[in-house]
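What follows is one structure encoded as structure tokens, with my remarks underneath.
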Amino acid sequence: MRLTAMRFKDYTWPHNPEVYTVENRRRVAVHQVPFGRCVLQELGGSYRVFRGEGAFVGRDAYEQFKELETVFQSEGPGQLIHPVWQARPAYFVSLRLTEEPVPEYVRYSFEFWEDCGGGTGGLRKREEDVPGILPQTAEAAGTGVYTVKKGDTLWGISKRYGKELSAVIAANPQIKNPNLIYPGDEVRMP
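Numbering (my numbering), first residue to last: 93 to 282.
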């Protein structure tokens with residue numbers, strides 16, 4: 093099987109990197125919960141981290157590295173054409189010189205993060221879709237009733253409303269365990 097050349101934006105590697113690592117990651121947050129330990133919250137989606145190592149060899153080794161470094165310095169995502177995996181929009185997040193250079197030889201490593209936003213330049217946050225972040229409404233600014241969404245914690249809700257957790261607990265005797273609230277539960281703000 094003949095591998096295609098690795099490319100990113102307008103740069104094509106003269107020789108494919110020697111080592112590839114493709115790491116699949118899941119977005120997870122850790123929340124400290126009062127009166128308890130920690131709660132892990134899946135934030136949705138997963139993404140890939142592409143890492144690799146290679147060397148430029150020959151009279152133009154330093155020029156090749158400088159060219160790659162120029163591509164690294166350019167901002168924004170680009171299309172990563174990987175020799176083995178499907179093409180993906182990605183950010184070039186790291187470029188390292190991994191050993192002391194010698195004449196006509198430059199060893200390097202790199203890292204790309206897959207852009208799950210589809211190469212549109214980053215994430216677009218919609219507060220109403222993010223658990224634990226309340227939309228800035230009149231209700232959020234004062235008293236009222238909040239309907240629990242998936243991923244919410246009582247501590248996070250009280251913090252967003254600017255209320256003391258103990259006051260929120262006292263105003264909600266229907267909540268028997270402050271560490272256990274469920275989507276659809278109503279939380280009264282004092």
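No residue lacks a Cβ here, since even glycine has one placed at the ideal position from N, Cα and C.
- Under a 10 Å Cβ-count criterion, residue 269 is classified as exposed, with fewer than 16 other Cβ atoms of the shown protein chains found around its own Cβ.
- Judged by beta-carbon spacing, residue 242 lies beyond the 8 Å limit of residue 281, meaning their Cβ atoms are not closer than that value.
- Here the alpha carbons of residue 208 and residue 238 stand approximately 31 Å from one another.
- Within the model, the alpha-carbon separation for residue 158 versus residue 251 is close to 48 Å.
- The three-state reading of DSSP puts residue 127 in coil, since its state is none of H, G, I, E or B.
- For residue 202, the pairing in a beta bridge is given by DSSP as 144, 187.
- Short of 8 Å from the beta carbon of residue 100, and not among the five residues preceding or following it, lie these beta carbons of its own chain, in chain order: 163, 170, 171, 172, 173, 182, 184, 204.
- If you ignore the 5 residues before and after residue 196, its C-beta comes within less than 7 Å of the C-beta of 149, 150, 151, 153, all in its own chain and listed in chain order.
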